[in-house]
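Asks: Chains A and B, in that order, are what the protein sequence lines are.
The first sequence begins at -6 in this note's numbering and counts up by one.
The second sequence begins at -6 in this note's numbering and counts up by one.
Structure incoming, see below.
Protein chains: 2
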Amino acid sequence: MMREKIQIKKIDYLPARQVTFSKRRRGIFKKAGELSVLCDSEVAVIIFSQTGKLFDFSSSRRVRCTFD
Amino acid sequence: MMREKIQIKKIDYLPARQVTFSKRRRGIFKKAGELSVLCDSEVAVIIFSQTGKLFDFSSSRRVRCTFD
DNA sequence: TCCCCTATACTTAGTAA
DNA sequence: ATTACTAAGTATAGGGG
C-alpha cells in the first residue's frame, strides 16, 4: 500500500478532507474522554467545521465553549 | 517490558497520573492543531487538571472556553 | 455522509532524570 | 511539573461498500 507520511497542511481534495475531518474529530473526542477519566480532570473540545457545523465534547456540564 | 493494555479508569498512583496527564494533554493539543490545519476548521480544547490548573488550546481567537 | 479493512504512522506506558 | 527512551498499543490514510 505504501502510504507516505502525510503533511500537516490543508487537504485540498474536498471528499478526502471531509473523511479526515470525520475520522479525526472522533479520534479527538475519544482522547478527550480518556484523558478526563484516566486523570480525573475536566476536558472540553469544540470544533467548528468549514461548512459551519458545530461539534463539541465535554466531560462535564461545568465546561462551556463558544465561538464569537 | 510486557505492558498490558491499559484500562480507561482513573489512574490511582498520583505520579503516574501526573505523567499521563502531561503526555496526553500534549497529544490532544497536537491532534487539535493538526485537525484545524488539515481540515481548515476551528478547534478549541480546554482542560482543567485535578490540581486546579487550566490548560487550553485554540486554533483561533474566535473560540472561547470557560468553566463555571 | 458512515463503516469496514489493513498497513503504517503516530501515541504513549513505564521508567528514569 | 516536564522530558527522553523504546516497546507496544492505537489512530488513521487510502480504498471499498
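For glycine and all other residues, C-beta sits at the position ideal for the given N, C-alpha and C.
Note that the structure is a prediction, hence the values are computed from the model and not measured.
So, B/ILE4 versus B/THR13, is the Cβ gap smaller than 9 Å?
Replies: Inclusion of B/ILE4 and B/THR13 in the CB contact set at 9 Å is warranted, their separation being smaller than that value.
Asks: Around the Cβ of A/ILE(-1), are there at least 16 other Cβ atoms within 10 angstroms (buried) or fewer (exposed)?
Replies: exposed
Asks: So for A/GLU27, helix, strand or coil by DSSP?
Replies: In this structure, A/GLU27 counts as helix in the three-state DSSP scheme.
Asks: Under 9 Å Cβ-Cβ, which residues of chain B neighbour A/GLY20?
Replies: LYS24 and LEU28
Asks: Quick check on the DSSP output: the beta strand (DSSP E) that includes B/GLU35 runs from which residue to which?
Replies: In the DSSP annotation of this structure, the continuous segment of the beta strand (DSSP E) that includes B/GLU35 starts and ends at 35 to 41.
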